[in-house]
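Here's the structure, in structure tokens; my notes come after.
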Amino acid sequence: MAVARVVCPVFIGRESELSLLEDSLLSAIRGDGGVVVLGGEAGMGKSRLVRELARRAERLGCVVMSGTCSEAELSLPYLPFLEGIGNYLTRQDVPALRERLGPAAAELGQLFPQMGHAGAVTADPMMSKLRLFEAIILLLTDAARSRGLLAVVEDLHWADPATRELVDYATRRLRSTRVMMLATYRTDEMHRKHALVPSIQAWRRSGQAQLLDINALDAQGVKAMVTCIFDEVEVSDEFRDFVHDRSEGNPFVLEEMLRDAIDHGDIFRTDKGWDRKSVHEIRLPATVRDTILQRLERLQPMEVEVLSAASAIGFTFDLATVAAVTGKPEPAVAGALESCVNNQLLEEADRATGRYCFRHALTREAVYEDIVATRRQQLHARIAEVLESRPDWKAIDLAHHLLMAGSYEQAVGMCVAAAEAAISARAYRDAADLFERAIPHVKDSVERGRLMCRAADAYWNNTETLAAKALLEQGIADLEAAGLTVEAAGHRLLLGRCYWELQRPDLAREQFTRAKDVLETAGPSEALAVAYVRLSGLEVFDSSGDYGLEYAQRATEIARASGSSMALAWSWNFAALGLVYTGRIAEAYQYFEDSYAAAAKGGHDFQMRNAIGNAAWTAIHLGYGRIAKDWADRYTGVPAESYSIYLRGLLTLHEGRVEPAMALARTALQGARDAGNDKNVWRSRVLLAHALAEAMRPDDAANELPPLSSRVENQDSVYDTAARVRARLAAGDAQGAFQAAHGFDPTRADLGSPADAISEAAMSEPEWLRSFVERLPNHPVDWQLIRAEVARGRLALAEGRLEDAVRTLGRAVMSFRDEGFLLDAWHASRALGEAQFNAGATEQARALLEETIAEAESAGALLAGKLARETAARLGVEVSAHVAVVEPQTRTADVGPTGERMVSVLFADVRGFTEMTGESAPAQLADRIGSLQRWAAQEVGRHSGIVDKFAGDAVMATFNVSGQTVDHALQAVKAAVAIIDKAALVDLPVGAGVAVGPAVVGRLAKSANVSVLGSVTNLAARLQAEAGAGEVVMSDETHRRVGDWLEAGGYTAERVTLHLKGFAQPVTAFRLEARAGIRA
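My numbering runs 745 ahead of the 1-based position in the sequence shown.
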């Protein structure tokens, strides 16, 4: 006798994985969200884990959104988010939601029309995409505002590029939110060139996402599944090992093989229960594919036809579409689908809408791959016909099925339409892929060339410079061969930009010049103005301020003549740079302001960010920290990209915050690498090397510092000379530092930078230093060049002109401090201290050097502190000892000798447990209590405590048994909160009591358990008895010790007076609602 379905009815063998997922969910509820990526081979139980976690999330009151990536080669951008968020929006008050989201609602309009009019795609596509991403994050955080959100993205290995990018973005943006994003992927799909592999590797390396792998069941897990499926008490070791070996511990494969064994009569039901043939007689299929295909052989021909059509439609499908594709009546198709459900091939996805899905992706793959190629093409062609006949058809779906049908000419138009829709949705990589799918099937060379340039534009907008360059080179050649030189010239501007990003400014200049020469013949245009802007930039980057200003002014004229507000705003930006390099700094910053304001007004995001970046970078090198910070702060509210992060890191380093600067440099570096932007990779490596040198990590700095040969523009030496000098100084190589300084051309120091670092390395070579200072740019400057002043002050010190040295260096140090550039002040202060000492102001020098050492070392600027110490030692000035970095004490659960110490005691138990015993099955209740005890042990251990005992539903734990933990009260309260939250996952209402007090702690006999003797245990037990479900009642002393933590988190505990058994006087206590979003 066969059974309808062979599916394990209970969750087996994944307790540890589920526990980790529960921890992440509870952390998110408390405001510490993030992304968890669950990997495993097909059939290992990822979806089952997701469903179990979703059930727990709903039990806790969380919002759950869920979406699945499509296995189709072409699919809608952001498909799982469209599915999950779309379903969520159907249950919301959309006008109220729009009001809460503000301007972000318009950004969402492109994907979700009910959110309102879609925001326009601006001239800066990258910013448009980042704003969309920010809007989606804002919507998720809004959904999570009450009790948290679980957002599920299944089958990430099939994700479209836009979805992959959005998930990656979420890994950086969901910290400090109540959102947990859980993504699943198949590890067996991860071949070396799979598009998801770089992301997985980056997440593993950076820790931005938590990666969790789910492995095969062991033999005992397989045994447990078999006993549950057949409701048997025992399974022989022989059969256990047999099915474990054949299924390789894969739960899906195991269920499929057992189903096959039943269908073949190898396992059968008797009057006494289930029985089987001997393992030698059982013939299980070699693979799960064979298992599925054998089942197909037992279906009726029409059922196979229906199933085959469904597999061509996709993993999910609806009754009406299958009926239309097969041409069969809907009732007959419904019957066939029902038979497939009974045969464990399909499942009902939504009974109300008639939607079905394959039981597993492996099932669909086996069915689809068994269809002969010509029949597949016929099915896809028919599906395309059916979809096109409907009013709600989508170009992406038609493109997919037309391509699979071999109808390439028809597919081209649909690919282009789908690509344009993807661009509107800011899914640039999806658009590029679609253009590339169309290109091979376009016969006309002009149209093919245009599509190549459009694909290149999409790649570049997705920061994939190399891919864009290759397509532009070919597309431009096709256009020029057809005589379309002006059209091609417009694309040369982007090709030139690609070359510049790839560290080839020579080739970039060639492209910009060729474009300019052709565009001049067609009269004023935006493209011509942009050509002059690009050429202005190359001149400025090569320290040619006059030529840069001339090109920028010509760009301004053309922009006005052509009516381009974008080019006009941009031209002012580069006019500002030209003015800076000719000494007219005040005028330059007015141009920066005009450029920024015009770009912001016109919605030209790239030009706005470009003005911010150029103005801030210039101010940093001028030494004006307050101006630099004012400009960098304008990035607030603008989604971060690699250059803006680099710039914040550079500013942070000069402010003397070395470790944060190092972290920002690493983030910028990874972003630049991901984007394939070699220029920003180079800049970020220089910044990281500089920060490592300042932290006295010379070997690491040397490893990061790009070789001298990597310089491609004169401006590059302004970027990297200080880093090279400081890296050698950190290594104790004074001669190497001088060599790094010696290679800098002083005529490039129009901003004064890096004259300060160069002079630091050249103090032993006064004649060379004089030559260097005399060759610094001498054009009139309307602002003080602070870094050049440092060089002049050091020269005066080296030449013995002490009065000049004290005055000049003193002014520079004061300026750096006023501007907030403490790192620069610390480096210059040691020269000032030496000048003061040599001038006779020994006490003033000692105080300055000691202050410099203390400030620098406490901030982690160890190189500045070391150099100041060396100066003091050389002068014979006695300064304070090294500032020690105090490492936190290692917590330990070692008990140590028996004795009295201050401890925190936690009691927790289940409210209404007696009633539960009469309402729940004993086995089920035992399982829940077992889970509670397991979680309690985990949380107590995690918070440096020990479990004294479990007594049924009750837990007692002690913190600080070693006497070495200072914050034991806080750890006890956090553990109580965590236990209560985790217990809620299995509907166990737990209350807890925490008390602090002295107790005798120790092992009262050899090998005995730890004993805790004192009234504090009684107090904790009595407080626990007063706690309601989800509450922690803590003693007055406990509250005093955790009060700052509660206040910092914005939480309050209700003060209560309790009359407790065994206590003569009323007891003051505090009642805390544990499940109120408190971080544990």
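Idealized CB from N, CA, C, for every residue including glycine.
Could you tell me whether the Cβ atoms of residue i and residue j are closer together than 9 Å?
i: LEU846; j: LEU895; result: no
i: GLY1323; j: TYR1277; result: no
i: VAL1745; j: GLY1644; result: yes
i: VAL1086; j: VAL1067; result: no
i: ASN1422; j: SER1387; result: yes
i: VAL1739; j: ALA1774; result: no
i: ALA1606; j: GLY1401; result: yes
i: LEU1414; j: ILE1365; result: no
i: TRP1427; j: PRO1405; result: no
i: VAL1755; j: PRO1743; result: no
i: GLY1290; j: VAL1263; result: no
i: ALA1720; j: GLU1684; result: yes
i: GLY790; j: SER921; result: no
i: VAL1070; j: LEU1124; result: yes
i: LEU1514; j: ALA1467; result: no
i: LEU1224; j: ARG1195; result: yes
i: VAL1457; j: PRO1185; result: no
i: LYS1214; j: CYS1243; result: yes
i: ALA817; j: HIS1105; result: no
i: VAL1463; j: ALA1507; result: no
i: LEU1803; j: ALA1737; result: no
I'd like to confirm the pairing. Which residues does DSSP put opposite residue i in its beta bridges?
i: LEU927; result: VAL781 and VAL897
i: ILE1303; result: ILE1303 is not bridged to any residue.
i: LYS1139; result: Answer is none; LYS1139 lacks a bridge partner.
i: ASP1095; result: ARG1100
i: LEU1803; result: VAL1812
i: LEU1758; result: VAL1745
i: PHE1652; result: MET1701 and GLY1738
i: THR1061; result: CYS1102
i: VAL809; result: LEU895
i: ILE1644; result: Here residue 1644 is Gly; the residue named in the question, Ile, does not match the sequence. Looking at the DSSP assignment, GLY1644 forms a beta bridge with VAL1746.
i: SER1828; result: Absent from the structure is residue 1828, since the part of the chain shown begins at 746 and ends at 1825.
Just checking my contact of residue i with residue j at CB under 8 Å: how many whole Å lie between their CB atoms?
i: VAL1648; j: VAL1558; result: Actually they are not in contact, since the Cβ atoms of VAL1648 and VAL1558 sit about 52 Å apart, beyond 8 Å.
i: ARG1254; j: LEU1211; result: ARG1254 to LEU1211, Cβ: 20 Å. No contact.
i: VAL780; j: LEU919; result: 6 Å
i: VAL1778; j: ALA1729; result: Contact doesn't hold; Cβ gap of about 18 Å is too wide.
i: CYS814; j: ALA904; result: 4 Å
i: ASP1501; j: ASP1569; result: 7 Å
i: SER720; j: ALA1356; result: Within the shown structure, residues of the chain are numbered from 746 to 1825, placing residue 720 beyond reach of any answer.
Got a sec: is the Cβ-Cβ distance from residue i to anything in chain B below 9 Å?
i: LEU1091; result: Among the protein chains of the structure shown there is no chain B, as only one such chain exists.
Would you call the region 1321–1336 and the region 1558–1567 in contact, with 3 or more CB pairs under 8 Å? no
Between the region 1159–1175 and the region 1082–1091, do at least 3 Cβ pairs fall closer than 8 Å? no
If we count Cβ pairs, one from each stretch, closer than 8 Å, do we get three or more for the region 1305–1315 versus the region 1352–1363? yes
Does the region 981–998 come close enough to the region 946–965 to have 3 or more Cβ pairs within less than 8 Å? yes
Would you call the region 793–810 in contact with the region 822–842, where contact means no fewer than 3 C-beta pairs closer than 8 Å? yes
Ordered list of alpha helix (DSSP H) runs contained in the region 1250–1286, each at least 4 residues: 1250–1265 and 1271–1286
Go through the region 1667–1696 residue by residue and report every complete run of the beta strand (DSSP E) that reaches 3 residues or more, in order. 1690–1696
Extract the residue ranges of the beta strand (DSSP E) inside the region 948–1019, only unbroken runs of 3 or more that lie entirely within it. 954–958 and 1012–1015
Assess, as a yes-or-no matter, whether the region 831–840 is touched by the region 926–937 under the definition of 3 or more beta carbon pairs within less than 8 Å. no
Quick check: the region 843–859 against the region 1138–1156, are at least 3 beta-carbon pairs closer than 8 Å? no
Using 8 Å as the threshold, is the region 906–918 in touch with the region 936–948, meaning 3 or more CB pairs across them? yes
Could you say if the region 1228–1238 and the region 933–941 meet the contact criterion of at least three C-beta pairs nearer than 8 Å? no
Per the contact definition of three or more C-beta pairs closer than 8 Å, is the region 1100–1114 in contact with the region 1050–1065? yes
Do the region 971–980 and the region 791–805 touch if we need at least three Cβ pairs shorter than 8 Å? no
Considering only residues of the region 1370–1420, which uninterrupted alpha helix (DSSP H) runs meet the minimum length of 4 residues and lie entirely inside it, listed in chain order? 1370–1377, 1387–1399 and 1403–1420
Check whether the region 997–1011 and the region 1064–1084 are in contact - that is, three or more C-beta pairs closer than 8 Å. no
Runs of 4 residues minimum, wholly inside the region 1161–1223: which ones carry the alpha helix (DSSP H) assignment? 1173–1183 and 1190–1206
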